[in-house]
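Residue numbers (this note's numbering), protein chains in the order written: chain A, 797 to 1120; chain B, 196 to 452.
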């Protein structure tokens, strides 16, 4: 019921929006949401804030660009039936490697390590021309054609992004109820205690990062098709911070907050130019972030949930059970 | 010699010359301890005597600086705790560090899966999973069945202690190391804990750190007394009660004589 109430309007959205709104706002929010979901998944269930998620998305994006059609003449073109799985595998593996490197760190130290990985990858893409084509990167990246229709067209790309977003949320929700998902949460709550259950501490951490790499990679593929380009800017500090802002706006308590945060972020990003100068965007998003962090420390998603509970009439209290 | 006869002579836990050093400080020094299978042993000692440090070394939470440890005749001194768990060793912790975001049932499920295996599975746990039923059974044994689907963060202190014991009982432990299981319990909760300890299968070896003399003497057949990181005395409860030295450092001190 609840799910239908959310999904139906989203499916009807294309009938109500023009192409600009559908692509620039709705589709973009869904894609950024999937990428930010990889961050909020880690933050919620492993308790680690990772700054390497734009990097993991970038790994998938660069794979799509290098092995797909592009206009810079770098790479080998393969069919997308191969490039898409390859991009996901590489993003997942990269996630696992980041997890292995960061496995002993928590809190600020995990942030520093993942940030270092992200920044290192950014400079690497700028300087390497063989695989990454330097700072210009790849342009003319084309989404696959299905018959005469390009997946980049507004409606197909929106529906694809919506489907991926829904699948990603379902995957997260089922994964966290699996034995490994429970072990990941156990590591979050009391890492020292997990080993005493006979459970390794490293495996859940690496698995959580690998899964987050898979999610980020999914978003990265969609983003490459949507932007029709991948460059060092896609994995730069700007993108890293955007994902963090989205996740924090939405709230790190629940993964679906990533999508709430993405909608707010995209609306601000798209319409800020109408309000203030382009170069003042950072001031605006900073002020909004500050407001949200002060007014709703657990994010907008939590705020909405809280309002929902407050507005709902309280059910009559059941009579206390008699104990025998 | 027949195998069964040989087995009866193998101790459940054997510690030889155990020492644990933190920098220049020896928390425990030259501890030798033999516990028979099925024995109920209490470890007494004033605060700072090194009881918990000894436990940490015996379980593998900390590595021993000196000495060797064998479990059922197998040398385990260099084994990490997750390996020793598979040999039937379990422990509870003095300060319950539990998984606050998980439910009681999920916590016990992980305790079962940690020993039985399959904790790395990535498909959601099914309702009919045998390990879930086992988790439920453990909750009944430990007395936390009424809060089975409650989050651990919502449990009372007493319930957390009971859950600790439920975790330790997962998958037929052979030797249980209980670190002050009654600490912080209300007078009403203590008899329940005693009853739970008394109801453990007779073949389970129990080593118990306990400040509550009633629980310690009621549930144990032998007592080791630690003082300043060294073994002060060992013997049956009544011998220990009569021991002058023990009176001086522990029993006398604790009662303020």
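Don't be surprised by glycine CBs; every beta carbon is placed ideally from N, CA and C. Since we're looking at a predicted model, the values are computed, not measured.
Legend entry - Chain-ordered neighbours of residue 275/B on chain A, where CB pairs are closer than 9 Å: Those within 9 Å of residue 275/B in chain A are 991.
Legend entry - residue 423/B to residue 216/B span [Cα, whole Å]: If you draw a straight line from the Cα of residue 423/B to the Cα of residue 216/B, it comes to about 13 Å.
Inset, instruction - Determine, using beta carbons only, whether residue 834/A comes closer than 8 Å to chain B. - result: No, no contact with chain B.
Inset, instruction - Please confirm whether residue 1028/A and residue 922/A have their CB atoms less than 8 Å apart. - result: Yes, the pair counts as a contact, with Cβ atoms nearer than the cut-off.
Legend entry - Residue-chain proximity (residue 988/A, chain B), Cβ-Cβ < 8 Å: Cβ-Cβ to chain B under 8 Å: yes for residue 988/A.
Inset, instruction - Enumerate in chain order the residues of its own chain whose CB-to-CB distance from residue 1198/A is below 6 Å, with the five nearest sequence positions on each side excluded. - result: Coverage of chain A is limited to positions 797 through 1120, which leaves residue 1198/A absent and any answer about it impossible.
Legend entry - Close beta carbons around residue 1099/A, own chain, < 6 Å, minus the five adjacent residues each side: Answer for residue 1099/A: 1092, listed in chain order.
Legend entry - Cβ-Cβ separation, residue 412/B to residue 358/B (assumed contact under 8 Å), whole Å: That belief does not hold up - the Cβ atoms of residue 358/B and residue 412/B are roughly 26 Å apart, past 8 Å.
Inset, instruction - Show which residues of chain A have a CB atom less than 9 Å away from the CB atom of residue 292/B. - result: Close partners of residue 292/B in chain A (Cβ separation under 9 Å): 985, 986, 988, 989.
Inset, instruction - Less than 8 Å between the CB atoms is what I'm expecting for residue 860/A and residue 1017/A, so what's the real figure, rounded? - result: Contact check for residue 860/A and residue 1017/A: beta-carbon distance about 5 Å, within the 8 Å limit, so the pair qualifies.
Inset, instruction - May I ask you to list, following chain order, the residues of the stretch 305–320 of chain B that have a beta carbon less than 7 Å from some beta carbon of chain A? - result: If you check each beta-carbon in the stretch 305–320 of chain B against every beta-carbon of chain A, the ones closer than 7 Å belong to 305, 306, 308, 309, 310, 313, 314, 315, 316, 317, 318, 319, 320.
Legend entry - DSSP beta-bridge partners of residue 935/A: Residue pairing by DSSP puts residue 935/A in a beta bridge opposite 1025/A.
Inset, instruction - May I ask you to list, following chain order, the residues of the stretch 993–1012 of chain A that have a beta carbon less than 8 Å from some beta carbon of chain B? - result: Result list: 993, 994, 995, 996, 999, 1003.
Legend entry - Residues of the stretch 919–945 of chain A with Cβ closer than 8 Å to any Cβ of chain B, in chain order: Hits within the stretch: zero.
Legend entry - Nearest residue (CA-CA) to residue 920/A, options 931/A, 1097/A, 865/A: Comparing Cα positions, the closest option is 931/A.
Inset, instruction - Indicate whether at least one CB of chain A lies closer than 8 Å to the CB of residue 295/B. - result: Closer than 8 Å: yes.
Inset, instruction - Mind checking which residues open and close the beta strand (DSSP E) that includes residue 314/B? - result: Counting along the chain, no beta strand (DSSP E) covers residue 314/B, and no H or E run does either.
Inset, instruction - Return yes when the Cβ of residue 206/B is within less than 8 Å of the Cβ of residue 230/B, no when it is not. - result: Yes, the pair counts as a contact, with Cβ atoms nearer than the cut-off.
Inset, instruction - State yes or no: is the C-beta of residue 830/A within less than 8 Å of the C-beta of residue 961/A? - result: Against a cut-off of 8 Å, the Cβ pair of residue 961/A and residue 830/A comes out as a contact.
Legend entry - Option in 346/B, 266/B, 370/B with minimal Cα separation from residue 398/B: For residue 398/B, the nearest C-alpha among the options comes from 370/B.
Legend entry - Under 8 Å from the C-beta of residue 976/A: neighbouring residues of chain B: Listed by position along chain B, the residues whose Cβ is nearer than 8 Å to that of residue 976/A are 314, 315, 316, 317.
Legend entry - Cβ pair count under 8 Å reaching 3, the stretch 852–872 of chain A against the stretch 983–1001 of chain A: Two segments are said to touch when three or more pairs of C-beta atoms, one from each, lie closer than 8 Å; by this definition the stretch 852–872 of chain A does not touch the stretch 983–1001 of chain A.
Inset, instruction - Pull up the distance between the alpha-carbon of residue 897/A and that of residue 907/A, whole angstroms please. - result: Using only the alpha carbons, I get a separation of about 12 Å.
Inset, instruction - Count the other CB atoms, across all protein chains shown, that sit within 10 Å of the CB of residue 1076/A; report buried if there are 16 or more and exposed otherwise. - result: So residue 1076/A ends up on the exposed side.
Inset, instruction - State yes or no: is the beta carbon of residue 349/B nearer than 8 Å to at least one beta carbon in chain A? - result: The Cβ of residue 349/B sits no closer than 8 Å to any Cβ of chain A.
Legend entry - Nonlocal neighbours in the same chain, by C-beta distance under 8 Å from residue 909/A, ignoring five residues either side: Answer for residue 909/A: 897, 898, 901, listed in chain order.
Inset, instruction - Please state whether DSSP places residue 1008/A in a helix, a strand or coil. - result: Helix.
Inset, instruction - Could you work out which residue in 1032/A, 1013/A, 1094/A is closest to residue 882/A when comparing CA atoms only? - result: With respect to the C-alpha of residue 882/A, the residue from 1032/A, 1013/A, 1094/A having the closest C-alpha is 1013/A.
Inset, instruction - For the stretch 323–336 of chain B and the stretch 296–315 of chain B, state whether three or more C-beta atom pairs, one from each stretch, are separated by less than 8 Å. - result: Counting Cβ pairs under 8 Å, three or more are found: they touch.
Legend entry - Span of the alpha helix (DSSP H), counted from its first residue to its last, around residue 361/B: Boundaries of the alpha helix (DSSP H) harbouring residue 361/B: 352–363, taken from the DSSP string.
Legend entry - Alpha-carbon to alpha-carbon, residue 842/A and residue 968/A: When rounded, the distance between both Cα atoms is 13 Å.
Legend entry - Test: residue 970/A CB closer than 8 Å to a CB of chain B: For residue 970/A, at least one C-beta of chain B is nearer than 8 Å to its own C-beta.
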